[in-house]
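Single-structure report; data block below.
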Amino acid sequence: MIEVKHLSKYFGDRVVLNDISTVFERGKTNLVIGQSGSGKTVLLKCIVGLLEVEQGEILYDQVVFNQLPFQEQKDIRKQIGMLFQGSALFDSMTVEKNVMFPLDMFTRLTLAEKRERVNFCLKRVNLERVNRLYPAEISGGMKKRVAIARAIALNPSYLFCDEPNSGLDPQTSIVIDELIKEITEEYNITTIINTHDMGSVASIGEKIVFISNGRLEWTGTSHDIIQSGNKLLDDFIFASPFTRKVKDTFLGK
Amino acid sequence: MHTFYHFGRYFMLLHRTFRKPEKWKVFFRQLFRELENLGLNSIGIVLIISFFIGAVLAIQTAYNMENPLLPNYLIGLMVRDTMLLEFSSTIVALILAGKAGSSICSEIGTMRISEQIDAIEIMGVNSASYLILPKVVAAVLFFPLLSILSMFVGIFGGWITIIIKGLTTSAEYIAGLHYSVQFYYIGYSLIKMAVFAFVIASVPAYHGYYVNGGSLEVGKASTRSVVYSSILVLMFNLILTQLLL
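Residue numbers (this note's numbering), protein chains in the order written: chain A, 1 to 253; chain B, 1 to 245.
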């Protein structure tokens, strides 16, 4: 479980995150939604420790992460897997070497054992016979899957996904969403996903946190979201003419 | 104030860079990769430029020796001392600042903008140590070897030229090479090159590591890093010459 308490972040005089408090539960897919520029990525980067926070606490299973010394933060980071918006695969390494990277750094496994683990992770994300290919030689959807395989290589306790569906077609997006959900449940990990894809919200959003202009505006589940009563959230989820029409047809004006 | 900000950030990055590597095995693997990228792949350009500069030095020295009182062995002496004192270290360092420096900056810069460095950090790996330390160590170890290579090839280039053009005899050229040999010059050149290598690897790494934006900014940072490292090479050249000679 990850808990955020009264988190604030400033860039100069600009308030990017304003007093955010919420809980991200273990074994569930926790979605952070909001418009571009609302502060979702900054929140995620604060939680994983890529950005320092000015105020507030970030607790990983009751441990205050942002106040820990560097070495102890590092120990928690070893339990973190992250899927970046652009996959962030190492261009100079093959798919196999990319997935093997965390194993190389933090385990004493033999090469054969590492290969076995890599193949297991790649198989888990439905990728086979791509070990020798470079990231430039595979599709966007495959890159995301390789990034997930790398993220789960060390059996993480926490998984972070920043816009996992960006740049993917709707069908591949569904596959990636389902994969993240399956992995979350299978390994009982705390997963936080940043997205503004309403498809993801509807299909895998077990807990949803809506952020607007750096403020937490609404928290709930995908079942409640349609009738949240929050105007900002309504404006966000019914932004397209199509969704507005659907809302007017089924829920009335 | 801006300059002090960059100085401070540069030294803080160096502080992070010179921490114990996460795993020595991985460090040595990276080091050998960098020895190939930064060192072996630079041999060609150093060979070509050194050969031609040695040749030109021989021709220019011969051209300026119209006075019959000046002995012909001065051509060899001149080529040797110029190659040892200045060319094989400073000029080769400037060439490497362009070649290796821009490569270091663009590689690290591209990793920064594509979030690869963030990915390394999130795994709990010290990205500065993982990415920059092998490059700095490889440069400091290999660039002095390039310097030695440059000395030999430059002197060889001068020798070939005097033979082809008949500027003087081979024996006189070699006598010039043997005249008043100062082995300290080689040590001086190698010390300079080791310092230059540190600058050439660390300054572009700094510019790449803190690049912001997209590919355009990576290109700009790469150009900036070559300019700054070239200026620093020339500054250290003056300081070290004053200290060592």
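Ideal Cβ placement from N, Cα and C applies to all residues, glycine included.
Practice prompt. Identify whether Ile58(A) lies in helix, strand or coil by the three-state DSSP scheme.
Written response: Against the first sequence, residue 58(A) aligns to sequence position 58. Correct three-state label for Ile58(A): strand.
Discussion item. Please classify Val136(B) as buried or exposed, where buried requires at least 16 other C-beta atoms within 10 Å of its C-beta.
Written reply: As a working mapping, residue 136(B) is identified with position 136 in the second sequence. That one is buried.
Worksheet item: Any residues in the stretch 92 to 117 of chain B with a beta carbon nearer than 7 Å to a beta carbon of chain A? Which ones, in chain order?
Response: Ser114, Glu115 and Gln116
Worksheet item: Residues in its own chain within less than 6 Å of Val118(A) by CB, not counting five upstream and five downstream?
Response: To locate residue 118(A), count along the first sequence from 1; it is residue 118. Around Val118(A): Glu96, Val99 and Met100.
Fill in: Interface residues of the stretch 116 to 142 of chain B facing chain A [CB-CB below 7 Å]
Gln116, Asp118, Ala119, Glu121, Ile122, Met123, Gly124 and Val125
Item to complete: For Ser127(B), I'd like the list of residues in its chain whose CB is within less than 6 Å of its CB, leaving aside the five on either flank, ordered along the chain.
Response: Translated into the one-based positions of the second sequence, residue 127(B) becomes position 127. Ile117, Ile120 and Glu121, listed in sequence order.
Item to complete: Using a Cβ cut-off of 7 Å (strictly closer), state whether Phe90(A) contacts chain B.
Response: In the first sequence, counting from the first residue as 1, residue 90(A) sits at position 90. It does: the Cβ of Phe90(A) has a partner Cβ on chain B nearer than 7 Å.
Worksheet item: Ordered along the chain, which non-local residues of its own chain (more than five positions away) have a Cβ less than 6 Å from that of Arg150(A)?
Response: As a position in the first sequence, residue 150(A) is number 150, starting the count at 1. Correct list, in chain order: Asn98 and Val99.
Fill in: Residue from Thr110(A), Asp19(A) and Thr29(A) with nearest C-alpha to Tyr187(A)
Locating residue 187(A) in the first sequence gives position 187, counting from the first residue. Nearest option by C-alpha distance: Thr29(A).
Worksheet entry | One or two residues paired with Arg9(B) in a DSSP bridge | Here residue 9(B) is taken as the residue at index 9 of the second sequence, counted from 1. Looking at the DSSP output, Arg9(B) sits in no beta bridge, so it has no partner there.
Practice prompt. Closer than 8 Å by C-beta to Leu190(B): which residues in its own chain qualify, once you throw out the five before and the five after it? Chain order, please.
Written response: Here the question's residue 190(B) lines up with position 190 in the second sequence. Once the five neighbours on either side are set aside, the close Cβ partners of Leu190(B) are Ser89, Pro144, Ser147 and Ile148.
Fill in: DSSP beta-bridge partners of Trp218(A)
The residue given as residue 218(A) occupies position 218 in the first sequence. Trp218(A) pairs with Phe210(A).
Discussion item. The alpha helix (DSSP H) that contains Thr41(A), what's its start and end?
Written reply: Against the first sequence, residue 41(A) aligns to sequence position 41. Run containing Thr41(A): Lys40 to Val48, per the alpha helix (DSSP H) assignment.
Worksheet entry | the stretch 157 to 175 of chain B in contact with the stretch 187 to 203 of chain B per 3-pair CB rule at 8 Å | no
Worksheet entry | Below-7 Å beta-carbon distance, Val195(B) vs any chain A residue | Reading the second sequence from its first residue, position 195 is the one you call residue 195(B). Taking Cβ atoms only, chain A never reaches closer than 7 Å to Val195(B), which makes this a no.
Worksheet item: Say the cut is 6 Å; is the CB of Arg19(B) nearer than that to a heavy atom of the ligand NAP?
Response: For the structure depicted, the ligand NAP is absent and the ligand set is empty, with no information on it obtainable.
Worksheet entry | Residue nearest to Val125(B) in terms of C-alpha spacing, selected from Phe7(B), Ser225(B), Leu232(B) and Phe27(B) | Here residue 125(B) corresponds to residue number 125 of the second sequence, with the count starting at 1. Checked all of Phe7(B), Ser225(B), Leu232(B) and Phe27(B); the closest Cα to Val125(B) is Phe27(B).
Discussion item. Assuming contact is defined by CB atoms lying nearer than 7 Å, are Leu17(A) and Gly167(A) in contact in what I supplied?
Written reply: Along the first sequence, one-based indexing puts residue 17(A) at 17. Along the first sequence, one-based indexing puts residue 167(A) at 167. Cβ distance not < 7 Å, so Leu17(A) and Gly167(A) don't count as in contact.
Worksheet item: Touching or not, the stretch 134 to 148 of chain A and the stretch 35 to 51 of chain A, by the rule of three or more beta carbon pairs under 8 Å?
Response: no
Worksheet item: Are the beta-carbon atoms belonging to Ser212(A) and Gly56(A) less than 7 Å from one another?
Response: Start at 1 with the first residue of the first sequence, and residue 212(A) comes out as number 212. Start at 1 with the first residue of the first sequence, and residue 56(A) comes out as number 56. Going by C-beta atoms, Ser212(A) is not nearer than 7 Å to Gly56(A).
Discussion item. Looking at chain A, is there any beta carbon in it that lies within less than 7 Å of the beta carbon of Glu22(B)?
Written reply: Here the question's residue 22(B) lines up with position 22 in the second sequence. Yes, Glu22(B) lies at the interface with chain A (some Cβ there is under 7 Å from its Cβ).
Worksheet item: Where does Asp248(A) sit, in a helix, a strand or coil, going by DSSP?
Response: Looking up residue 248(A) in the first sequence gives position 248. Helix at Asp248(A).
Discussion item. Could you check whether Ala93(B) and Ile75(B) sit closer than 7 Å to each other, using their CB atoms as the reference points?
Written reply: Your numbering for residue 75(B) matches position 75 in the second sequence. Your numbering for residue 93(B) matches position 93 in the second sequence. Taking 7 Å as the Cβ cut-off, Ile75(B) and Ala93(B) do not qualify as a contacting pair.
Discussion item. Suppose contacts are defined by Cβ-Cβ distances below 7 Å. Is Val195(B) in contact with Phe236(B) by that definition?
Written reply: Position 195 of the second sequence, counted from the start, is the residue given in the question as residue 195(B). Position 236 of the second sequence, counted from the start, is the residue given in the question as residue 236(B). The answer is yes: Cβ separation under 7 Å.
Practice prompt. Whole angstroms is fine: what's the gap from Val53(A)'s alpha carbon to Val209(A)'s?
Written response: Taking the first residue of the first sequence as 1, we reach residue 53(A) at position 53. Taking the first residue of the first sequence as 1, we reach residue 209(A) at position 209. About 19 Å.
Worksheet item: Contact between the stretch 60 to 79 of chain A and the stretch 144 to 162 of chain A: three or more CB pairs below 8 Å?
Response: yes
Worksheet item: Going straight from the alpha carbon of Lys23(B) to that of Leu85(B), what length do you get?
Response: Looking up residue 23(B) in the second sequence gives position 23. Looking up residue 85(B) in the second sequence gives position 85. Taking the straight line joining both Cα atoms gives about 39 Å.
Worksheet item: Going by DSSP, what residues sit across from Gly44(B) in a beta bridge?
Response: The count along the second sequence starts at 1 and reaches residue 44(B) at position 44. Answer by DSSP bridge pairing: none, since Gly44(B) is not bridged.
Worksheet item: Any idea if Pro134(B) is buried or exposed, counting beta-carbon neighbours within 10 angstroms, 16 or more meaning buried?
Response: Looking up residue 134(B) in the second sequence gives position 134. Classification of Pro134(B): buried, given that the 10 Å Cβ count is 16 or more.
Item to complete: Give me the Cα-Cα distance between Phe84(A) and Lys144(A), rounded to the nearest whole angstrom.
Response: Start at 1 with the first residue of the first sequence, and residue 84(A) comes out as number 84. Start at 1 with the first residue of the first sequence, and residue 144(A) comes out as number 144. About 8 Å.
Item to complete: Can you have a look at Glu113(A) and say buried or exposed, based on whether 16 or more other CB atoms are within 10 angstroms of its CB?
Response: For this step, residue 113(A) is matched to residue 113 along the first sequence. Burial call: exposed.
Item to complete: Give a yes or no on whether 7 Å exceeds the smallest Cβ distance from Val233(B) to chain A.
Response: Here the question's residue 233(B) lines up with position 233 in the second sequence. By this cut-off, Val233(B) is not an interface position.
Discussion item. Determine whether the beta carbon atoms of Leu77(B) and Tyr179(B) lie at a separation below 7 Å.
Written reply: Locating residue 77(B) in the second sequence gives position 77, where the first residue counts as 1. Locating residue 179(B) in the second sequence gives position 179, where the first residue counts as 1. Yes, the Cβ-Cβ distance between Leu77(B) and Tyr179(B) is below 7 Å.
Worksheet item: Would you say Val46(B) faces chain A, with C-beta separation under 7 Å as the test?
Response: In the second sequence, residue 46(B) corresponds to position 46, counting from 1. No, Val46(B) lies away from the interface with chain A (no Cβ there is under 7 Å from its Cβ).
Worksheet entry | Ile138(A) - containing beta strand (DSSP E), residue span | For the purposes of this step, residue 138(A) is identified with residue 138 of the first sequence, where counting begins at 1. It is not in any beta strand (DSSP E) - Ile138(A) carries neither H nor E in the DSSP assignment.
Item to complete: Evaluate contact between the stretch 5 to 23 of chain A and the stretch 190 to 200 of chain A, counting only Cβ atoms and requiring at least three cross-stretch pairs below 8 Å.
Response: no
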